[in-house]
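Below is one structure; the comments refer to it alone.
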Amino acid sequence: MSAGRVRRLESEYDITARYTYFPLHPETPAEGLPLLELFAGREQAFRDSARRLEQLAEEEGLEYGERTHTYNSRLAQELAVAGDMAGVTNALHDALYHAYFVAGRNLASPEVLAGVAEEAGLDAELVRETVEGRRYQTTIDEHWQRALGVGVRGVPTFAVGRTAVVGAQPWEVLVDLMDQAGVGRRES
Numbered sequence: 002m003s004a005g006r007v008r009r010l011e012s013e014y015d016i017t018a019r020y021t022y023f024p025l026h027p028e029t030p031a032e033g034l035p036l037l038e039l040f041a042g043r044e045q046a047f048r049d050s051a052r053r054l055e056q057l058a059e060e061e062g063l064e065y066g067e068r069t070h071t072y073n074s075r076l077a078q079e080l081a082v083a084g085d086m087a088g089v090t091n092a093l094h095d096a097l098y099h100a101y102f103v104a105g106r107n108l109a110s111p112e113v114l115a116g117v118a119e120e121a122g123l124d125a126e127l128v129r130e131t132v133e134g135r136r137y138q139t140t141i142d143e144h145w146q147r148a149l150g151v152g153v154r155g156v157p158t159f160a161v162g163r164t165a166v167v168g169a170q171p172w173e174v175l176v177d178l179m180d181q182a183g184v185g186r187r188e189s
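All residue numbers for the sequence shown refer to this note's numbering, where the first residue is 2 and numbers rise by one.
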């Protein structure tokens, strides 16, 4: 959902987005973890959050499935760096969104990632080097350190200068962020 909002911000404001990837739950095993286990003791908060995400997806015109598990996103983040370098950031983010939030697929699975990457137009050899060879492992380590170093604790975090908002926010909140940071609008 945030990728669509980022694209809209880039089209309406004089900004160029730069993604910094973040370890939301790096302890999650590759086989995944049931969401109710992850949120044990906070089931109502989980249900409220799931409803909010579903509502935001609907507002954005996006599909949204009923997820039961969370998966370790480390390899997907490394693949996202490859997508950034190859110029297919948006296509890859869209394919990753659909695989996880719509189809509930395991983004820690190299096979799933290979299919997602192919859908986004990434070269198969680059995908193999990235996923099996861990080509961007150090890059993601640097992203995580940078994010943690500036105080990021949740995703998405939208930051402009020294101002940030955390979480899936209504469009109006992002407009306020741009205005507070003094970002000019693009001319039509």
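Glycine included, each C-beta is placed from N, C-alpha and C at the ideal position.
Could you say which of the options lies nearest to residue i if we only look at CA atoms?
i	options	result
Asp142	Pro24, Arg8 and Tyr20	Pro24
Arg135	Gly116, Gln78 and Val184	Gln78
Leu108	Pro27, Phe159, Arg19 and Val184	Pro27
Arg187	Leu10, Gly5, Arg6 and Ser3	Leu10
Thr29	Ser110, Val117, Val103 and Leu178	Ser110
Val89	Val103, Leu149 and Leu123	Leu123
Glu120	Glu64, Leu80 and Leu175	Leu80
Thr158	Leu149, Gly168, Val151 and Thr164	Gly168
Thr21	Ala96, Gly105, Thr140 and Leu57	Thr140
Ala31	Met179, Ala148 and Arg106	Arg106
Arg8	Leu127, Ala96, Asn91 and Leu57	Asn91
Arg68	Ala148, Val132, Arg48 and Val174	Arg48
Ile16	Ala118, Ala160, Ala58 and Leu114	Ala160
I need the straight-line Cα distance from residue i to residue j, nearest angstrom please.
i	j	result
Thr71	Glu44	15 Å
Arg154	Ser74	16 Å
Tyr98	Gly162	27 Å
Glu112	Ala125	12 Å
Arg53	Trp145	26 Å
Ala51	His94	20 Å
Val103	Tyr65	5 Å
Thr164	Pro171	16 Å
Gln138	Val82	10 Å
Tyr101	Ala18	23 Å
Asp85	Glu60	27 Å
Gly183	Ser3	21 Å
Glu13	Leu178	13 Å
What is the residue span of the alpha helix (DSSP H) that residue i lies within?
i	result
Ala4	Ser3 to Glu13
So, helix, strand or coil for residue i, using DSSP?
i	result
Leu34	strand
Ala51	helix
Ala18	coil
Ala41	coil
**Study point:** Every unbroken beta strand (DSSP E) within the region 121 to 188, with a cutoff of 3 residues, ordered by chain
**Key:** If only complete runs of 3 or more residues are kept, the region 121 to 188 shows the beta strand (DSSP E) at 158 to 161 and 164 to 167, in order along the chain.
Review point. Could you give the uninterrupted runs of the alpha helix (DSSP H) lying entirely in the region 54 to 130, keeping only those of 4 residues or more?
Key: 75 to 87, 90 to 98 and 111 to 121
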